[in-house]
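Peer 1: Mind looking over this structure? Questions follow.
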Amino acid sequence: MKILFIGDIIGKPGRLTVKMLINGLIDKFKPEFIIANGENSAHGMGITPDIAEFLFDLGIDVLTTGNHIWDQRSIIPYINIHPKLLRPANYSLLTPGKGYGVFDSKLKKKIGVINLEGRVFMKGFAESPFKIAKDIIKEIHDDADAIVIDFHAEATSEKEALALYLDGEISALLGTHTHVQTNDNIILPKGTAYITDVGMVGSKYSVIGTDKDVAIRKYLTGMPEKFIPEERNIILNAVCVTVDKKIKSSSSIEKIYINTD
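In the working numbering, the protein residues as written are 94 to 354.
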């Protein structure tokens, strides 16, 4: 069973690139299930209901998010009634929406998806991803043929620690948030697929997806700047994970890097 995971989609350039490339990815990798991180898909800041529907219509089965989930306030009523849009599961139980679920694949397999946010170098009030992950895995383990975690976190050490802590209990732990695809895709000793960061769908000549001049000016002046996605030289980063559904472990994790130049 193959699961495709697309990295953070950055603004309109990222959305249009996913639209342009997704059918080719499906033809090549033949995934049963597609996950993408959409928290930067609305001009780099959050996600809107219309954008979520646009991405679902492309064939994405579940959208994960992270610390920018509430940047667009229109998403709050939407997330309450659309369980395939996830927010981090280690947010307060009083937070709108849900952070995990078990979903049907195209071939009627059961795919558990858990969205978590890190706490190291991250602002906010997220609870321990280690504790919450264990609780959710215990709840959904018997109902799922595969379990995938999107760990939206800053620190490599926190991502590695959680992956090794959960090794053998989940099919894959896939890092997001830094927007830079890492070169450490690996199958851990007990069968969990891991990568520190899947990367992004955004400009390779940018500062994590934003216009380089805007980002440089912010560092030179120390003044706040509005995030403006760079529109040229877009790359698509993703991974394809192959899972043995009988034992929930993974046999491979392949990095995907597509240059649209």
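Cβ coordinates follow ideal geometry from the N, Cα and C atoms, glycine included.
Using only the alpha-carbon positions, how far apart do F98 and I242 sit?
Peer 2: The residue labelled residue 98 in the question sits at position 5 within the sequence shown. The residue labelled residue 242 in the question sits at position 149 within the sequence shown. For F98 and I242, the distance between alpha carbons rounds to 10 Å.
Peer 1: Looking at the structure shown, is A265 part of a helix, part of a strand, or coil, going by DSSP?
Peer 2: Position 172 of the sequence shown holds residue 265. A265: strand per DSSP, three-state reduction.
Peer 1: Go to E251, then tell me how far its alpha helix (DSSP H) extends in each direction, as first and last residue.
Peer 2: As a working note, residue 251 is residue 158 in the sequence shown. That run of the alpha helix (DSSP H) goes T249 to Y258.
Peer 1: Any idea what DSSP makes of L148, helix, strand or coil?
Peer 2: For the purposes of this step, residue 148 is identified with residue 55 of the sequence shown, where counting begins at 1. L148: helix per DSSP, three-state reduction.
Peer 1: So, at 6 Å on beta carbons, what are the nonlocal neighbours of I230 in its own chain, with the 5 sequence-adjacent residues on each side left out?
Peer 2: For this step, residue 230 is matched to residue 137 along the sequence shown. Hits under 6 Å: E262.
Peer 1: Any contact of the stretch 98–111 with the stretch 292–302, i.e. 3+ C-beta pairs under 8 Å?
Peer 2: yes
Peer 1: Compute the distance between the beta-carbons of I207 and I240, then report whether it is under 8 Å.
Peer 2: For the purposes of this step, residue 207 is taken as residue 114 along the sequence shown, with counting starting at 1. For the purposes of this step, residue 240 is taken as residue 147 along the sequence shown, with counting starting at 1. For I207 and I240, yes; Cβs fall inside 8 Å.
Peer 1: Using DSSP bridges, identify the partner residues of A129.
Peer 2: By one-based count along the sequence shown, residue 129 stands at place 36. Answer by DSSP bridge pairing, in chain order: I99 and L156.
Peer 1: What is the DSSP secondary structure of D235, counted as helix, strand or coil?
Peer 2: Taking the first residue of the sequence shown as 1, we reach residue 235 at position 142. DSSP places D235 in helix when its eight states are reduced to three.
Peer 1: Mind checking G352: buried by the 16 CB within 10 Å criterion, or exposed?
Peer 2: Start at 1 with the first residue of the sequence shown, and residue 352 comes out as number 259. Checking the sequence shown, residue 352 turns out to be Asn, not Gly. Burial call: exposed.
Peer 1: Is it right to say N173 is buried, meaning 16 or more other beta carbons lie within 10 angstroms of its own, or is it exposed?
Peer 2: Taking the sequence shown and counting its residues from 1, the one referred to as residue 173 is at position 80. Burial call: exposed.
Peer 1: Rounding to the nearest angstrom, what Cα-Cα distance links N330 and I349 in this structure?
Peer 2: The residue given as residue 330 occupies position 237 in the sequence shown. The residue given as residue 349 occupies position 256 in the sequence shown. Cα to Cα, the separation comes out at about 6 Å.
Peer 1: Alpha carbons only, please: which of D238, I140 and Y287 is nearest the one belonging to R180?
Peer 2: By 1-based counting over the sequence shown, the position of residue 180 is 87. For R180, the nearest C-alpha among the options comes from I140.
Peer 1: What do you reckon, are the CB atoms on I119 and I96 nearer than 8 Å?
Peer 2: Here residue 119 corresponds to residue number 26 of the sequence shown, with the count starting at 1. Here residue 96 corresponds to residue number 3 of the sequence shown, with the count starting at 1. In this structure, I96 does not lie closer than 8 Å to I119 by Cβ.
Peer 1: Here's the rule: buried if 16 or more other CB atoms are within 10 angstroms of the residue's CB, otherwise exposed. What is Y184?
Peer 2: Numbered from its first residue, the sequence shown carries residue 184 at position 91. Label assigned to Y184: buried.
Peer 1: Which of helix, strand or coil does DSSP assign to L186?
Peer 2: Residue mapping note: residue 186 aligns to position 93 of the sequence shown, counting from 1. L186 falls in the coil class under three-state DSSP.
Peer 1: Within 10 Å of its beta-carbon, does P106 have 16 or more other beta-carbons around it, so buried, or fewer, so exposed?
Peer 2: Within the sequence shown, the letter at position 13 stands for residue 106. Buried, because 16 or more other Cβ atoms sit within 10 Å of the Cβ of P106.
Peer 1: Along the chain, which unbroken stretches of the alpha helix (DSSP H) at least 4 residues long are found entirely within the stretch 99–124?
Peer 2: 104–122
Peer 1: In terms of alpha-carbon separation, which member of I288, C333, M138 and S345 lies closest to L266?
Peer 2: Here residue 266 refers to the residue found at position 173 when the sequence shown is read from its first residue. Checking every option, the nearest Cα to that of L266 belongs to I288.
Peer 1: Buried or exposed: P322, going by 16 or more other Cβ atoms within 10 Å of its Cβ?
Peer 2: Within the sequence shown, residue 322 is the residue found at index 229, counting from 1. Buried, since its Cβ has 16 or more Cβ neighbours within 10 Å.
Peer 1: Leaving out five residues on either side along the sequence, give the residues of the same chain with a beta carbon under 7 Å from the beta carbon of D337.
Peer 2: By one-based count along the sequence shown, residue 337 stands at place 244. Excluding sequence neighbours, D337 sits near S344.
Peer 1: How long is the line joining the alpha carbons of W163 and R325, rounded to whole angstroms?
Peer 2: On the sequence shown, position 70 is the one that residue 163 refers to. On the sequence shown, position 232 is the one that residue 325 refers to. Their Cα atoms are separated by approximately 27 Å.
Peer 1: On the three-state DSSP scale, how would you describe F218?
Peer 2: Taking the sequence shown and counting its residues from 1, one reaches residue 218 at position 125. In the structure shown, F218 sits in coil (DSSP, three-state: anything other than H, G, I, E or B).
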